[in-house]
Ligand code: QVQ
Ligand code: ZN
């Protein structure tokens, strides 16, 4: 029986909307545990995703509806992704110049919160003008936001940071998305506590050892870390191994926190039948490398090694079109599997 993606009736993972998209791969539920469950520390220690309930991590922010934010976020401008459709695929603008023919349906705009809210509500009327606010919380926000921010459950999250030897907190991103928004599958190089504040989101996660099935863009491409596969219409000619991916699926509600381990692929959707969604991320740099690197290497370490090789080749060759042929020259007929044994004739 195909494991269809659907609104499972398991209360901890269920979702009310039956309009979630369906995808051609099997899923297992992301575990959902209460913060009082000691198992959570083991999940995080083993870099396995888990949804944590009743953490009170961002409890003061649960009142952050659009009116409150409009009143208190301050008068500065905010980073907003504007997309012609419901997908908001991030790209690194610094890499666009060097990528011939790069095109994106997404552009980055700075706008006042006022304008953002107007366009958020108008989006359904005007085709091709979908807005997604993604702004790092900084000291330009109003006093009431600061008061709430300082009352986040910093003792718990800082305890996690220390317990797992993570590096510093790098940013808290405020995310406000329209219903039905999609952030396509990508991975980040930081640990992430993803706290849901308003509305419901669906998360699909893919482990780092599925790198070979997710077909990320080249490192020096603007869409570095993003999967090339269009989940709505996978090109199995180009991406045959995508047929084998296995996903973890979860639905997070206000007050719940998802741990997204570094290098884990995540695809995130806002409930298409809901209102706008609001989330706050807690991104942490990884800790320092241990003196003795444990073998066998983890899949995360292998992704890091592959990235470094691509970066080095890009630096040395200075021509992206030479990287593929050189890698083929290195491996074709020479490296096949662990013992360099050629494939059976
Ligand atoms: C979303 C992360 C997730 C957000 C868009 C960027 C965020 C992200 O759509 O929920 O927190 O790692 O990729
Ligand atoms: Zn991400």
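In my numbering, the protein residues as written are 4 to 348. Glycine included, each C-beta is placed from N, C-alpha and C at the ideal position. In this text the structure is predicted, and so the values were computed from the model without any measurement.
The three-state reading of DSSP puts residue 88 in coil, since its state is none of H, G, I, E or B. Rounded to whole angstroms, residue 47 and residue 156 show a C-alpha spacing of 17 Å.
Among the bridge pairs identified by DSSP, residue 36 is matched with 55. Remark: fewer than three beta-carbon pairs, one from each stretch, lie closer than 8 Å, so the segment 100-117 and the segment 233-242 are not flagged as touching.
Here residue 271 carries a strand assignment [DSSP, helix/strand/coil]. Beta-bridge partners of residue 201 (DSSP): 281. For residue 197, the distance from the CB to the nearest heavy atom of ligand 1 is below 7 Å. Residue pairing by DSSP places residue 227 opposite 220 in a beta bridge. Residue nearest to residue 140 within the set 134, 149, 133, 132 is 149 (criterion: CA-CA distance).
For residue 46, the enclosing alpha helix (DSSP H) begins and ends at 42-48.
The secondary-structure analysis by DSSP pairs residue 333 with nothing; it has no beta-bridge partner. About 14 Å separates the Cβ atoms of residue 219 and residue 98, ruling out a contact at the 8 Å cut-off.
Between residue 182 and residue 86, the C-beta spacing is not below 8 Å.
Residue pairing from DSSP places residue 137 in a beta bridge opposite 178.
The C-beta separation of residue 258 from residue 136 comes to about 21 Å, leaving the pair out of contact by the 8 Å criterion. Between residue 245 and residue 216 the beta-carbon gap is near 6 Å, inside 8 Å, which marks them as a contact. In this structure, ligand 2 has a non-hydrogen atom nearer than 7 Å to the beta-carbon of residue 189. Beta-bridge pairing by DSSP links residue 287 to 172, 194.
Taking 8 Å as the cut-off, the beta carbon of residue 308 is found no closer than this to the beta carbon of residue 317. Contact holds between the segment 72-89 and the segment 115-125, because three or more Cβ pairs, one in each stretch, are under 8 Å apart.
Annotation for residue 110: the continuous beta strand (DSSP E) segment containing it runs 109-115.
If you ignore the 5 residues before and after residue 42, its C-beta comes within less than 7 Å of the C-beta of 36, all in its own chain and listed in chain order.
For residue 249, the enclosing beta strand (DSSP E) has its first and last residue at 249-255. Shown here, residue 296 sits in coil according to DSSP, grouped into three states, outside any helix or strand. Counting along the chain, residue 73 sits inside the alpha helix (DSSP H) bounded by residues 69-75. For a cut-off of 8 Å, the C-beta gap from residue 287 to residue 194 is around 4 Å, short enough to register as a contact. Distance from the CA atom of residue 84 to the CA atom of residue 179, rounded to whole angstroms, is 10 Å. Here residue 228 is near residue 189, since their CB atoms are less than 8 Å apart.
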